[in-house]
Every structure is written in structure tokens, then in C-alpha cells.
Amino acid sequence: MTTTQPRIQQPYTESALVSKGRYISTEWLAAEYEKLWPQVWQMACRLEQIPQVGDFHEYLIGTQSILLVRESEDTVRAFRNACPHRATRIASGTGHVDAELRCPFHGWAWNLDGSVLEIPDADDFAPECLSRSELRLREATVGLWGGFVFVTFAPDPEPLREFLGPVVEGLAPFEPEKMRLIRHRTTIMDCNWKVGLAAFNEAYHVEATHVWDLSGYARGARVSASGRRTRGADDGGRPDVRDADGRTPGAYQFHYEAFPTHNLMRNVPEMLTESAPLGDHGDPKQAALAMLRLNQMISLAHQDDIDHVEAMANVPGDVPAVRFFTDVRRAAGAAVGVDYSHIPDEDVMSAIDYCIYPNLVGPISAGNWILFRFRPNGKDPDTCLFDVLFLHRFGEGQQPPPVEHEFFPRWQDHDGWGQTIGQDLSNMGHVQAGLHQTSFTGLRLNRQEAGVRNFERFVDRHVLGDHGAS
Numbered sequence: 023m024t025t026t027q028p029r030i031q032q033p034y035t036e037s038a039l040v041s042k043g044r045y046i047s048t049e050w051l052a053a054e055y056e057k058l059w060p061q062v063w064q065m066a067c068r069l070e071q072i073p074q075v076g077d078f079h080e081y082l083i084g085t086q087s088i089l090l091v092r093e094s095e096d097t098v099r100a101f102r103n104a105c106p107h108r109a110t111r112i113a114s115g116t117g118h119v120d121a122e123l124r125c126p127f128h129g130w131a132w133n134l135d136g137s138v139l140e141i142p143d144a145d146d147f148a149p150e151c152l153s154r155s156e157l158r159l160r161e162a163t164v165g166l167w168g169g170f171v172f173v174t175f176a177p178d179p180e181p182l183r184e185f186l187g188p189v190v191e192g193l194a195p196f197e198p199e200k201m202r203l204i205r206h207r208t209t210i211m212d213c214n215w216k217v218g219l220a221a222f223n224e225a226y227h228v229e230a231t232h233v234w235d236l237s238g239y240a241r242g243a244r245v246s247a248s249g250r251r252t253r254g255a256d257d258g259g260r261p262d263v264r265d266a267d268g269r270t271p272g273a274y275q276f277h278y279e280a281f282p283t284h285n286l287m288r289n290v291p292e293m294l295t296e297s298a299p300l301g302d303h304g305d306p307k308q309a310a311l312a313m314l315r316l317n318q319m320i321s322l323a324h325q326d327d328i329d330h331v332e333a334m335a336n337v338p339g340d341v342p343a344v345r346f347f348t349d350v351r352r353a354a355g356a357a358v359g360v361d362y363s364h365i366p367d368e369d370v371m372s373a374i375d376y377c378i379y380p381n382l383v384g385p386i387s388a389g390n391w392i393l394f395r396f397r398p399n400g401k402d403p404d405t406c407l408f409d410v411l412f413l414h415r416f417g418e419g420q421q422p423p424p425v426e427h428e429f430f431p432r433w434q435d436h437d438g439w440g441q442t443i444g445q446d447l448s449n450m451g452h453v454q455a456g457l458h459q460t461s462f463t464g465l466r467l468n469r470q471e472a473g474v475r476n477f478e479r480f481v482d483r484h485v486l487g488d489h490g491a492s
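Under our numbering, the residues of the sequence shown are numbered 23 to 492, in order.
Put into C-alpha cells, the structure is as follows:
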């Protein structure tokens, strides 16, 4: 599952600029709505959001509304959310119906399989208007994987597992189907949806944007590619996270891999042993708790880990930080009956980050996953809908609390995004504004951003067909 990044990199040679029009053009956005979104699999919800027969959840993409309905214990339907009478949306948001879907305007009703249940005053219609087959609720295709409900509008889609390709095998050890949603937040991000996705699909920005997040791991010595020791914090107190060769964390700390569809970014396994000992950061216990609380905001740590460390009488100061956290995660899981022994040490606390095309990305570790979903916001190419979903693996007999979907029209009005996500959000408006500058000619991407280029090629295959450009 894991591949160590080679110490000697081949020169990166892709130099073509990525056109900026795809991020600011209303015409390009319209083409995406016409040619991309109707053809691809999209994650619509988690199964635990519709756990009981009759539960429903609305998924929105542009002007299209899909109603995910739990028809039976084993079956989920995806209905196009429009009454065939006068087009009224049948339901919205998340909720429950006992045994029928009923239009709130004139009371037409359907069974949970989409077949017609009742048409009030049916004899007042011309018989030609009431063909039972035409009045069935129209459906999109549903696919289930990893506890997620995917939908596609394509008339003859490739099987979901084939579309997901390497993602299924790569994430299998983490058993995402056994995770449960513990938080779902949505806001409007002030950038194009692809700009938002790209920000979480490369690590080149880590030093400049997230350097303080890294300080807990960075102040201790590292070993560079040449074998020399790294520097500590500079005289101004700003942590120096570059290695002795001057490379930023995105260059030395992450491995990148692109597939025909989807791409992968993850910490290199050596980071497990090269991370600084806890004692380098002061009191080992307090340092461990501070790091865990920071990582809790990006779902790489959980309250279970924090509780375990707080209960420890002694925290060793000579153990590399990530090694210690790996042992803690295994012990905290075992305490509630969750076995992580099949997951390699280098993956237990690693940020294994698949970009699942077209609009999902986020790091997974043993028992935790934070996912970011990006969708266009109506006809505006300069904003997007940004969903943050936190998932956690619970132990035997444990149940997650009910999840309320939180929506914040302005992300700036909510301070609970956490330090790391807040830093990313604060960048996006500046990126979008820069794209509109007449002096800017196009995106220049490096090796660390190759996943962004790979994703744009995926978009091109749909929007431009065989004549797609980089």
C-alpha cells in the first residue's frame, strides 16, 4: 500500500501552463455542468445519515437535486427531486418519512421504490397524462462503497468500484465502512471549486501556510537526503522546517503518485523514525497532549488518544513523537475493542490522502478520516460549496452522538474550523482574486503539484473530450 519516496528525484519536466479561464469563466462552469457532473460518480452522503427505512438526504449539485432514500435495510434509491405534476421539490434537507414520499404542493404520493401511490382527483386529468410508468419518480444510479452513497446521472456508468480503482484497495486496511460521521460542516468558500480542491491536493504550500502547525515536529533534528542534520528554529522564533538541503516539507516529507483517475499524497514512512523525540519539546506529556489537540482539529487525532495520554503516569521523552503516537493509537483502539494490528506502523498515524475525483480529498489514519468536498456554487465561478466531514472509528458498544449538519454562509463568521483549515480558507479569496488579474497568464505546477495537473486532465477529458489540454 505504501511506497517510499525515492531519495533521488527524477527532474520534473512538465512545463505547460494550466489556463486560468477554467477557474473564472462562466462558460467553463456551464460546460462542467453539461459535460462533467452528469457523467461522473459523486459522493452524496454517508449511509449513517439515512440509517432507517424511510430516512432521506438531499444532495445538491448545481441546479440538480437528488433525494437519497433508504428504501429497505439493504437498498438506497436516488430520486430526481421533482414532482412530475408541476415540478415541486418533494423534500429537502435530511429527514424521515414513514412509508411514502408526498409532494407538499398538491399531495401526489409515491412508495419508497418510486412507484405511484396516490394521485388526488386522478379522474380530473386526461388519461394520457397519467401513465404509471411516466409518473414513477426518475432515478439516478446509486453505488455503495466504504459506507458512502455515491450517485451518477450517467445512463450507462462504469461500475463504481472500477471508477474508484486504486482507492478501494489503498483504503481497505482502514475499513472506512466501519467509521461513522461525527461532524458535518458546510460553508461558502470564496474561490472556484477546483481552486479549493487543489489547495488540499498538494503539500507545496505547507511551509508558507502551515509552518506553525508543523512546529511541534519540526524543531527536533531531522536527517536530510544527504545525511546532514537539519537546523532548528531561527533566531526570530519561527520554526525552521526545511532540511539541510533547503527543501521544504512538501519536497522531503511527502510521497506523490498519480493514477489515470485519482491521485495520492502521503507522508513518507521514514517520518515515523525521523520525527523528533517528545523530550525535545519540553515536558513530554504536555508536548504530546499539545500535538494531539492540534491534530484533533484535522482529524488525525481523537479524544480517545488524548484521554489515553492524560491517564499515563509517565510519558517517555526519548521516543520519536510519531512512534509514541502510533503506540497510543493502537492502545486506545484496543481499549475499546478496535484492532489496528493489520495496519503497518508507518500508516497508523500517517496522513494518507487520496484525491478521489471529481471533488473529494482528505487525510486518513487508523480510525480517523477528515474529508473535504467541493461543489460549484450555482452559476458563480468565483465561489464554491465546501463540506468538511469528520469520521471516526468507534469501539464495541459505542455509538456516535447524532450529527447536526452545520451551515455557515460566511466561513469567517465561524471560528471552529481549527487552525489548519482556517489557514487554508484565508488563502482562497486571494488566489481567486489573483486569477482575475490580466497580468496572470496561467498556473505553473511543480512535482509536488503534479496531482493538480492530473486532476485538470481528468476534467479536460470530460469538458474538452479527446482534444483536452493540460
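In this text, a Cβ means the ideal position worked out from N, Cα and C, and glycines have one as well.
Would you kindly work out how many angstroms separate the C-alpha atoms of G417 and D77, rounded to a whole number?
For the purposes of this step, residue 417 is identified with residue 395 of the sequence shown, where counting begins at 1. For the purposes of this step, residue 77 is identified with residue 55 of the sequence shown, where counting begins at 1. Distance between the alpha carbons of G417 and D77: 25 Å.
Around the C-beta of D143, are 16 or more other C-beta atoms found within 10 angstroms, so that it is buried, or is it exposed?
Taking the sequence shown and counting its residues from 1, one reaches residue 143 at position 121. The residue in question, D143, is exposed, as its Cβ has fewer than 16 Cβ neighbours within 10 Å.
For A162 versus I112, is the C-beta spacing smaller than 8 Å?
Counting from 1 along the sequence shown, the entry for residue 162 is found at position 140. Counting from 1 along the sequence shown, the entry for residue 112 is found at position 90. No, the pair does not count as a contact, with Cβ atoms beyond the cut-off.
By the three-class DSSP mapping on this structure, what secondary structure does R68 have?
In the sequence shown, the residue the question calls residue 68 occupies position 46. R68 falls in the strand class under three-state DSSP.
With 8 Å as the threshold, decide whether the Cβ of E95 is near any Cβ in chain D.
No chain D appears in the structure shown, which is made up of a single protein chain.
Looking only at its own chain, which residues have a Cβ that is under 7 Å from the Cβ of G218, when we skip the five neighbours before and after it?
For the purposes of this step, residue 218 is identified with residue 196 of the sequence shown, where counting begins at 1. Closer than 7 Å at Cβ, skipping near neighbours: M211, F396, C406, F408 and M450.
Using a Cβ-Cβ cut-off of 6 Å (strictly less than) and excluding sequence neighbours within five positions of E70, which residues of its own chain qualify?
Position 48 of the sequence shown holds residue 70. Cβ neighbours of E70 beyond the five flanking positions: R202 and L203.
Anyone know if the C-beta pair for L413 and M65 falls short of 8 Å?
For the purposes of this step, residue 413 is taken as the residue at position 391 of the sequence shown. For the purposes of this step, residue 65 is taken as the residue at position 43 of the sequence shown. Going by C-beta atoms, L413 is not nearer than 8 Å to M65.
Mind checking who I392 pairs with in its DSSP beta bridge?
If you number the sequence shown from 1, residue 392 lands on position 370. Its beta-bridge partners are F412.
For E49, which three-state DSSP category applies?
Translated into the one-based positions of the sequence shown, residue 49 becomes position 27. If DSSP states are grouped into helix, strand and coil, E49 belongs with the helices.
Name the two residues that bound the continuous alpha helix (DSSP H) containing S87.
The residue you call residue 87 lines up with position 65 of the sequence shown. First-last for S87: Q86 to S94, but that is the beta strand (DSSP E), not the alpha helix (DSSP H).
Between which residues of its own chain and P385 is the CB-CB distance below 6 Å, once the five residues before and five after are set aside?
Here residue 385 corresponds to residue number 363 of the sequence shown, with the count starting at 1. Contacts found: A373 and D375.
I need the DSSP call for H452, collapsed to helix, strand or coil.
Working through the sequence shown from its first residue, we reach residue 452 at position 430. Helix.
In whole angstroms, give me the CA-to-CA distance for P177 and V62.
To locate residue 177, count along the sequence shown from 1; it is residue 155. To locate residue 62, count along the sequence shown from 1; it is residue 40. The straight-line gap from Cα to Cα measures roughly 11 Å.
DSSP three-state label for S37, please.
Here residue 37 is taken as the residue at index 15 of the sequence shown, counted from 1. The answer is coil: DSSP assigns S37 none of H, G, I, E or B.
Start and end of the beta strand (DSSP E) containing V358?
Numbered from 1 along the sequence shown, position 336 holds the residue referred to as residue 358. Where V358 is concerned, there is no enclosing beta strand (DSSP E), given that its DSSP letter is neither H nor E.
Have a look at A225 and W439 and give me their C-alpha separation to the nearest angstrom.
Along the sequence shown, read from residue 1 onward, the residue named residue 225 stands at position 203. Along the sequence shown, read from residue 1 onward, the residue named residue 439 stands at position 417. Distance between the alpha carbons of A225 and W439 is about 19 Å.
With a 10 Å radius around its C-beta and 16 neighbouring C-beta atoms as the bar for buried, classify D145 as buried or exposed.
Position 123 of the sequence shown, counted from the start, is the residue given in the question as residue 145. Classification for D145: exposed.
Report, in whole angstroms, the separation of the C-beta atoms of R205 and V344, which I expect to be a contact under 8 Å.
One-based indexing of the sequence shown puts residue 205 at position 183. One-based indexing of the sequence shown puts residue 344 at position 322. In fact, because the Cβ distance is near 25 Å, the residues do not count as touching under 8 Å.
Give a yes or no on whether the C-beta atoms belonging to A388 and R351 are separated by under 8 Å.
Your numbering for residue 388 matches position 366 in the sequence shown. Your numbering for residue 351 matches position 329 in the sequence shown. Against a cut-off of 8 Å, the Cβ pair of R351 and A388 comes out as a contact.
Taking 8 Å as the threshold (C-beta atoms), are Y379 and T270 in contact?
Against the sequence shown, residue 270 aligns to sequence position 248. Against the sequence shown, residue 379 aligns to sequence position 357. Contact flag unset, no.
Can you confirm whether the stretch 144 to 158 touches the stretch 54 to 61 when touching is taken to mean that 3 or more C-beta pairs between the two stretches lie within less than 8 Å?
As far as the Cβ criterion goes, the stretch 54 to 61 does not touch the stretch 144 to 158, which means the pair count is below three.
Taking all protein chains shown into account, decide if M371 is buried (16 or more other Cβ within 10 angstroms of its Cβ) or exposed.
Numbered from 1 along the sequence shown, position 349 holds the residue referred to as residue 371. Burial call: buried.
Look up D256 in the DSSP assignment and say whether it is helix, strand or coil.
For this step, residue 256 is matched to residue 234 along the sequence shown. Bear in mind that the predicted position of D256 carries a pLDDT of just 46, short of 50, making it unreliable; the figure below should be weighed with that in mind. The answer is coil: DSSP assigns D256 none of H, G, I, E or B.
Quick check on P306: does DSSP put it in helix, strand or coil?
Working through the sequence shown from its first residue, we reach residue 306 at position 284. Residue state, collapsed to three classes: helix.
What would DSSP say about V341, mapped onto helix, strand or coil?
For this step, residue 341 is matched to residue 319 along the sequence shown. Residue state, collapsed to three classes: coil.
With three or more beta-carbon pairs closer than 8 Å as the criterion, would you say the stretch 475 to 483 touches the stretch 36 to 48?
Flag = yes, the stretch 475 to 483 and the stretch 36 to 48 touch.
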